[in-house]
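Notes follow the structure.
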Amino acid sequence: MTQSTIRLGVAGLGRAFSLMLPTFLADARIELVAACDPRPAARAQFEKDFSASVYETIEQLAADPALDAVYVASPHQFHAEHARVAARHGKHVLVEKPMALSLDECDRMIASCAEAGVHLIVGHCHSFDSPYLKARALVAGGEFGKVRMIHALNYTDFLFRPRRPEELMTDEGGGAVFSQAAHQIDVVRLLAGSRVTRVRAALGAWDPSRPTEGAYSAMLWFEDGAFASLTYSGYAHFDSDEWTGWIGEMGNAKDPENHGAARRRLRTLESPGEEARLKAAGTYGGPDYKPPAAGAAPGTPALHQHFGPLIVTCDRADIRPLPSGVLVYGDDVRQHHPLPAPAVPRFEVIDELVAAVADGVPPLHDGAWARATLEVCLALLASGREQRDVVLPTRA
């Protein structure tokens, strides 16, 4: 295959798709040609927006001969099944994080794609973000010695955004670990460059009305001797974007005067059903849905996406990725390595997809990579619940 335009089908037109849509619209290498979703309104919106084919089921979508690849953006509990169906029909697979909810599901996904001879890429995840990739390249250059320690922290309003009931159920793939630790662990693994061998964690589930993990703190130990501390809270009090100059996760400027908005909005709702309807209304195809261009601050260029403050400690420097680039605090100098503002958000995902599908380049974020991240997520949950260290097995 030599084409550089990927004809993409979308499985699931929910929030994940809405977050990737600006990328698909802005990147000429992507052509949206089909989608499936159980919601008639979402299908009608997609058909209208893209003059594209729409289907009710993943089987119908994957059987469409016009597709090169399927972007699996369905709820977490359907990732494994939908990826395997796409592979069975000979389609390359780009699946949202978390890859799946169990290691067995990951293994079946990897096997299905291998048997079909198609690529499996897991993303978007924040380890695709250019500041982290630049920091990784600086570490790999060797000037600053080995990675010794990483500290990552993020405080958000994650748990108090409108949720469907299953998004507040850990066993269904809800909560901070599957949705948020998957990002943080992926970034830390990328920067450490070594296999995680041991995990110790504590979990926070402190609001009976939101009965899943909204916070965690974890220590990870790596095979080469490095270690990392990870802290996350989605309880909608402190916002750690204050420490990145009020540049939000998506790379856009935030208004600090909006503090508390998530909790205030939830207080106006009377039932979980009303909350689910509110989320559906703002999702693609819903009556309150706003296209990607809506709400953008005119004249304000987006910076790079990020997942909270992070510092990598090496032998001879501390390295700090930022939305604008990477800061290096060395023995004698403080250096800023700027990165140009991205013309396309999340272009790094498309770079990897096109390189794999069009040029046969093995992706970094393949099934084995994402399986290892899920393994750490599951170890984090087990450690927190059982109050013990979890040692990860060595894979052959």
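So the sequence shown is numbered by our numbering: it starts at 1450 and just counts up by one. All residues carry an ideal CB built from backbone N, CA and C; glycine is no exception.
* To do: Decide if I1455 is buried, meaning its Cβ has at least 16 other Cβ atoms within 10 Å, or exposed.
  => buried
* From which residue to which residue does the beta strand (DSSP E) around F1499 run? -> From DSSP, F1499 is part of no beta strand (DSSP E) but of the alpha helix (DSSP H) over 1489 to 1499.
* CA-CA distance, H1541 and A1828? -> 29 Å
* P1494 versus G1463, A1766, A1477, residue with shortest Cα-Cα distance -> The displayed chain sequence assigns Gln, not Pro, to residue 1494. Among G1463, A1766, A1477, the Cα nearest to that of Q1494 belongs to G1463.
* Tell me which same chain residues have a C-beta within less than 7 Å of the C-beta of A1654, skipping the five on either side of it? -> P1660, T1661, E1662, G1663
* Asked: Do the CB positions of D1635 and T1822 come within less than 8 Å of each other?
  -> yes
* Alpha carbon to alpha carbon, how far is D1688 from V1567? -> 41 Å
* Asked: Whose C-beta lies closer than 8 Å to the C-beta of L1587 among residues of the same chain, with five residues either side of it excluded?
  -> F1593, I1768, V1775, V1777, H1786
* Asked: Quick one: Cα of A1549 to Cα of T1619, how far?
  -> 13 Å
* **Proximity below 8 Å, CB of A1563 to CB of A1535** => no
* To do: In angstroms with no decimal places, state the Cα-to-Cα distance between V1839 and S1658.
  => 29 Å
* Using DSSP with H/G/I as helix, E/B as strand and the rest coil, what is A1746? -> Confidence in A1746 is poor, its pLDDT being 40 and thus under 50, which makes the residue's placement too unreliable to answer from.
* What did DSSP end up calling M1450 once you bin it into helix, strand or coil? -> Its pLDDT being 42, under 50, M1450 is placed unreliably in this model, and the coordinates cannot settle the point.
* How would you write the range of the beta strand (DSSP E) that C1763 sits in, first residue to last? -> 1759 to 1763
* Asked: In angstroms, rounded to a whole number, what distance separates the CA positions of G1709 and E1691?
  -> 14 Å
* Identify which residue in P1614, R1649, T1605 has its Cα closest to the Cα of Q1629. => T1605
* To do: Closer than 7 Å by C-beta to R1613: which residues in its own chain qualify, once you throw out the five before and the five after it? Chain order, please.
  => A1725, K1728
* What did DSSP end up calling T1680 once you bin it into helix, strand or coil? -> strand
* In whole angstroms, what separates the C-alpha of P1770 from that of F1607? -> 22 Å
* Asked: Which of the three DSSP states, helix, strand or coil, is assigned to A1667?
  -> strand
* In the DSSP assignment, what are the bridge partners of A1601? -> L1679, L1759
* To do: Quick one: residues in its chain with C-beta nearer than 8 Å to the C-beta of E1615, no 5 flanking neighbours on either side, listed in chain order?
  => P1524, Q1526, E1621, G1622, G1623
* Can the beta-carbon of V1645 be found less than 8 Å from the beta-carbon of L1813? -> no
* What is the DSSP secondary structure of L1841, reduced to helix, strand or coil? -> coil
* Neighbourhood of S1643 by C-beta distance below 7 Å, restricted to the same chain and skipping five residues each side -> F1671, E1672, D1673, A1675
* To do: Return helix, strand or coil for P1794, following the three-state DSSP convention.
  => coil
* If we count the other Cβ atoms within 10 Å of its Cβ and call it buried at 16 or more, is S1551 buried or exposed? -> exposed
* Return the first residue and the last residue of the alpha helix (DSSP H) that D1553 is part of. => 1552 to 1565
* To do: Note down the Cα distance separating A1667 from R1765, rounded to an integer number of angstroms.
  => 25 Å
* Assign A1711 to one of two classes, buried (16 or more other C-beta atoms within 10 Å of its C-beta) or exposed (fewer than that). => buried
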